[in-house]
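Numbering (our numbering), first residue to last: 29 to 556.
Encoded structure:
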C-alpha cells in the first residue's frame, strides 16, 4: 500500500512506532534510509488503546490518496514539499524491502534560443553583404561606358542593338538571382525560429518574480516557531468521508445492526438510531431513521489544527429526493488511526441560512465552551433552550433566542406539554425534566466572530398513577420497548434532541437562531 498525505498526518499515523525514513542525499546523489522512532500523540488512555489497535493503514481518513498492489506498486506523483509518502503493508505482512525513486531530468537549454537567434541575424547580415559584394563586382566588370575617340570606319562598325533587347538581356538574370537568394534566407530563418521550443529560452517571468529569501539561523535557547495550522481535511477528503458515512448508515439501517453503525457514529446520533433498531426488532412501529445521502456536499467547514481530536462539519443534500431537508453532519476524529465519526446528524430547518464561514482551504477554530465572546456561552446554549421548551416565554432565556423558523417549539414546547397534562385522567400525573445528551457541545467560529453550536439534550417525561390501584398506559414505540402497555408504578420516557444553533457574538443585536434539529426515542423504562 502506498499513500500520501500531509507530513504531519503521516507522522501522526505512524505515532510512536519505529519506521524507516527514506530521503535523498544531494552530496552522494543517492537515496538514504534511516531507522527512526516516531513521537506519539498525547491521547487519553481509552483513545490510545483504540488507536493502537488499528495496524492497517488502508482506508484511513488522513490520506489524500492511496494505491494498492500485489508485489510492486509504481506511481507517478507531483506533490508539494509539505506532503510525505507512506509505504506499508496491511500491518501484518512484511513491508516493502526496496524503494526506487526516479524523476525527470531538466533538459532545458535556455541559452540555445538566444544563440540560434543571434546566429540567424549574423547569417542574414552575411548574406546581405555577399549580395552587395556580388552586385558591386558585376558593376566593376561590366561594359565600358566610353567608346574610342576616333571615327570608326563604315566597314568595321558593328550593328547597333535595340535598346529594348539590351535592357531585357542585362536585367532579367539579376532579378531572378536576387529572388532566388532572398527567398531561401527568409524561409530558412522562419523555420529555424519556429522550431525552438520554450525549453530553449530563459524563463523571464521566473527571474522577475524571484526574490532573495532570508536565511534561518538557530538561536540558542529560542523557542521553536510553530507552523500555522492547516485545515484537517480537503474537500476531496470530506466528500470521501461523507460517502463512507452514508454507506455505513445505509448498511446498518438495512440490517438494523448497531455494530455496523458504531463504525461511523457515536454519541446522540448512535443512541437514537440504535433505539430505532430495537423498536423495529421488537415488532413496533416507528418512523425509520433519516437517510443520510452520500452527495452532493454543499458545505465543508474543517477545523484548522495539527493535533487531535479534530472536528469537521459538512452539509449534504439528497439530490434524489428534493423533499428531504439538508443534513448537517458534525464529525470528530479522536486519534490519527481512528476514523471520523458522526456526533450529530441534524436536519436543517426549511428556511435556515448558514452564516458565512471560512473556506475549506482556510478552516476555522473551535470556540471555547465557556467563551464570553458569544451572546451565550456555547456550553449553556443547550440547557438554555431546554428551559425555553419547558417554560416558554417565561423562561429567563426566551429573549435571547429567536422564535422565527423554530418548528421544534411548536411540537414539544410548553404548549404541547400543557396539552399532555390536560389529556391525562385525574388518576395520573406527568412531570417533565431535561439533562444534557450524550454528545458533547461543539462550537466552530464563523466569519462574523459568532459560532455554529451543536448541542444535545435529553428530555424525560415521567407518568405516575396518583390513585391507589390505578395504572398508567403507553402505546406505539414506547409500548414495544417497555414490553407491556400498562404499569402500576409509572413509566419514564426519554427523547433525545440534536440541536444546531447560530450564536452571534457578544454585543450583537441579533438573537440566537435555531438552524436545525433531529429527535429520536432513547429509552422507556418502568419505575420501580
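No residue lacks a Cβ here, since even glycine has one placed at the ideal position from N, Cα and C.
**Request:** Look at the Cβ atom of residue 540, then the Cβ atom of residue 471, and state whether they are nearer than 8 Å.
**Result:** Translated into positions along the chain shown, residue 540 becomes position 512. Translated into positions along the chain shown, residue 471 becomes position 443. Going by C-beta atoms, residue 540 is not nearer than 8 Å to residue 471.
**Asked** Hey, quick one: how far does the beta strand (DSSP E) through residue 330 stretch, first residue to last?
**Response** Position 302 of the chain shown, counted from the first residue, corresponds to residue 330. Segment 325-330, the beta strand (DSSP E) holding residue 330.
**Request:** Whole angstroms is fine: what's the gap from residue 120's alpha carbon to residue 83's?
**Result:** Residue 120 sits at position 92 when you count from the first residue of the chain shown. Residue 83 sits at position 55 when you count from the first residue of the chain shown. Between residue 120 and residue 83, the C-alpha separation is close to 8 Å.
**Asked** Counting Cβ pairs, one atom from each stretch, are 3 or more of them under 8 Å apart for the region 427-440 and the region 503-520?
**Response** no
**Prompt:** Using a Cβ-Cβ cut-off of 8 Å (strictly less than) and excluding sequence neighbours within five positions of residue 383, which residues of its own chain qualify?
**Reply:** Position 355 of the chain shown holds residue 383. The residues are 474, 475, 476, 478, 480, 530.
**Asked** Under 8 Å, do residue 267 and residue 323 count as touching if we go by C-beta distance?
**Response** As a first step, residue 267 must be located in the chain shown, where it is residue number 239. As a first step, residue 323 must be located in the chain shown, where it is residue number 295. Their beta carbons are under 8 Å apart, which means residue 267 touches residue 323 by this criterion.
**Message:** Within a Cβ cutoff of 6 Å, which residues of the same chain sit near residue 487, ignoring the five residues on either side of it in sequence?
**Reply:** One-based indexing of the chain shown puts residue 487 at position 459. Counting only Cβ-Cβ distances below 6 Å, and skipping sequence neighbours, we find 462, 523.
**Item:** Option in 413, 336, 453 with minimal Cα separation from residue 442
**Value:** Within the chain shown, residue 442 is the residue found at index 414, counting from 1. The shortest Cα separation from residue 442 among 413, 336, 453 belongs to 413.
**Prompt:** Rounded to the nearest angstrom, how far is the Cβ of residue 366 from that of residue 79, given a contact under 8 Å?
**Reply:** On the chain shown, residue 366 is found 338 positions in, with the first residue counted as 1. On the chain shown, residue 79 is found 51 positions in, with the first residue counted as 1. Sure, about 6 Å apart at Cβ, within 8 Å.
**Cut-off 8 Å between Cβ atoms - residues of its own chain near residue 276, not counting five sequence neighbours on either side** = Residue 276 sits at position 248 when you count from the first residue of the chain shown. Counting only Cβ-Cβ distances below 8 Å, and skipping sequence neighbours, we find 288, 289, 291, 292, 293.
**Prompt:** DSSP on residue 335, reduced to helix/strand/coil?
**Reply:** Looking up residue 335 in the chain shown gives position 307. Coil, per DSSP.
**Prompt:** For residue 382, which beta-bridge partners are listed by DSSP?
**Reply:** Counting from 1 along the chain shown, the entry for residue 382 is found at position 354. In DSSP, residue 382 forms no bridge with anything.
**Message:** Using a Cβ-based criterion (distance less than 7 Å to any ligand heavy atom), does residue 534 qualify as near the ligand FMN?
**Reply:** In terms of ligand content, the structure shown is empty, and the ligand FMN therefore cannot be addressed.
**Item:** the region 490-499 contacting the region 511-522, beta-carbon criterion three pairs below 8 Å
**Value:** yes
**Message:** By DSSP's criteria, residue 374 is part of a beta bridge. Which residues make up the other side?
**Reply:** Taking the chain shown and counting its residues from 1, one reaches residue 374 at position 346. According to DSSP, which records beta bridges pairwise, residue 374 is partnered with 356.
**Item:** Cα-Cα separation between residue 283 and residue 74, rounded to whole angstroms
**Value:** In the chain shown, counting from the first residue as 1, residue 283 sits at position 255. In the chain shown, counting from the first residue as 1, residue 74 sits at position 46. If I take the Cα positions, the gap works out to 29 Å.
**Request:** Return helix, strand or coil for residue 229, following the three-state DSSP convention.
**Result:** Taking the first residue of the chain shown as 1, we reach residue 229 at position 201. Residue 229: coil per DSSP, three-state reduction.
**Request:** Please state if the CB of residue 332 and the CB of residue 392 are separated by a distance shorter than 8 Å.
**Result:** As a first step, residue 392 is located in the chain shown; it is residue number 364 there, counting from the start. As a first step, residue 332 is located in the chain shown; it is residue number 304 there, counting from the start. In this structure, residue 332 lies closer than 8 Å to residue 392 by Cβ.
**residue 287, enclosing alpha helix (DSSP H) - first and last residue** = For the purposes of this step, residue 287 is taken as residue 259 along the chain shown, with counting starting at 1. Counting along the chain, the alpha helix (DSSP H) containing residue 287 begins and ends at 286-289.
**Prompt:** Of all the options 525, 556, 53, 397, which has the alpha carbon lying nearest to the alpha carbon of residue 26?
**Reply:** Given a span of 29 to 556 for the chain in the structure shown, any question on residue 26 remains unanswerable.
**Asked** With C-beta atoms as the reference, is residue 307 less than 8 Å away from residue 388?
**Response** Mapped onto the chain shown, residue 307 falls at position 279. Mapped onto the chain shown, residue 388 falls at position 360. Going by C-beta atoms, residue 307 is not nearer than 8 Å to residue 388.
**Asked** Could you check where the beta strand (DSSP E) with residue 128 kicks off and where it finishes?
**Response** Mapped onto the chain shown, residue 128 falls at position 100. Per DSSP, residue 128 belongs to no beta strand (DSSP E) and is neither H nor E.
**Message:** For residue 352 and residue 345, I'd like the C-alpha separation in whole angstroms.
**Reply:** Along the chain shown, read from residue 1 onward, the residue named residue 352 stands at position 324. Along the chain shown, read from residue 1 onward, the residue named residue 345 stands at position 317. Whole-angstrom Cα-Cα distance: 8 Å.
**Message:** Would the region 54-73 count as touching the region 88-97 if we require 3 or more Cβ pairs under 8 Å?
**Reply:** no
**Request:** Would you identify the three-state DSSP class for residue 46, choosing helix, strand or coil?
**Result:** By 1-based counting over the chain shown, the position of residue 46 is 18. In the structure shown, residue 46 sits in a strand (DSSP, three-state: E or B).
**Asked** Whose C-beta lies closer than 7 Å to the C-beta of residue 544 among residues of the same chain, with five residues either side of it excluded?
**Response** Locating residue 544 in the chain shown gives position 516, where the first residue counts as 1. The answer, listed in chain order, is 356, 374, 375, 376, 377, 380, 528.
**Prompt:** How should residue 128 be labelled, buried or exposed, when 16 other C-beta atoms within 10 angstroms of its C-beta is the threshold for buried?
**Reply:** As a first step, residue 128 must be located in the chain shown, where it is residue number 100. The residue in question, residue 128, is exposed, as its Cβ has fewer than 16 Cβ neighbours within 10 Å.
**Prompt:** Anyone know if the C-beta pair for residue 302 and residue 286 falls short of 8 Å?
**Reply:** What you label residue 302 is simply residue 274 of the chain shown in a count that begins at 1. What you label residue 286 is simply residue 258 of the chain shown in a count that begins at 1. Yes, the pair counts as a contact, with Cβ atoms nearer than the cut-off.
**Request:** Pick out the complete beta strand (DSSP E) segments inside the region 75-138, 3 residues or longer, and give them in chain order.
**Result:** 93-95, 111-115
**Message:** Quick check: what's the CA-CA separation for residue 484 versus residue 464?
**Reply:** Residue 484 sits at position 456 when you count from the first residue of the chain shown. Residue 464 sits at position 436 when you count from the first residue of the chain shown. Taking the straight line joining both Cα atoms gives about 6 Å.
**Asked** How big is the Cα-Cα spacing for residue 494 and residue 453?
**Response** Numbered from its first residue, the chain shown carries residue 494 at position 466. Numbered from its first residue, the chain shown carries residue 453 at position 425. The straight-line gap from Cα to Cα measures roughly 10 Å.
**Request:** Give the range of the alpha helix (DSSP H) segment to which residue 142 is assigned.
**Result:** For this step, residue 142 is matched to residue 114 along the chain shown. Its alpha helix (DSSP H) spans residues 140-168.
**Asked** To which residues does DSSP link residue 542 through a beta bridge?
**Response** Working through the chain shown from its first residue, we reach residue 542 at position 514. For residue 542, which the question treats as bridged, DSSP gives the partners 529.
**Message:** Can you give me the C-alpha to C-alpha distance between residue 409 and residue 299, rounded to a whole angstrom?
**Reply:** Counting from 1 along the chain shown, the entry for residue 409 is found at position 381. Counting from 1 along the chain shown, the entry for residue 299 is found at position 271. The straight-line gap from Cα to Cα measures roughly 21 Å.
**Request:** Using 10 angstroms around the beta-carbon of residue 158, count the other beta-carbons present and answer buried if the total reaches 16, otherwise exposed.
**Result:** Taking the first residue of the chain shown as position 1, residue 158 is located at position 130. So residue 158 counts as exposed.
**Item:** The alpha helix (DSSP H) enclosing residue 446, as first and last residue numbers
**Value:** Within the chain shown, the letter at position 418 stands for residue 446. Looking at the DSSP string, the run of the alpha helix (DSSP H) that includes residue 446 is 442-451.
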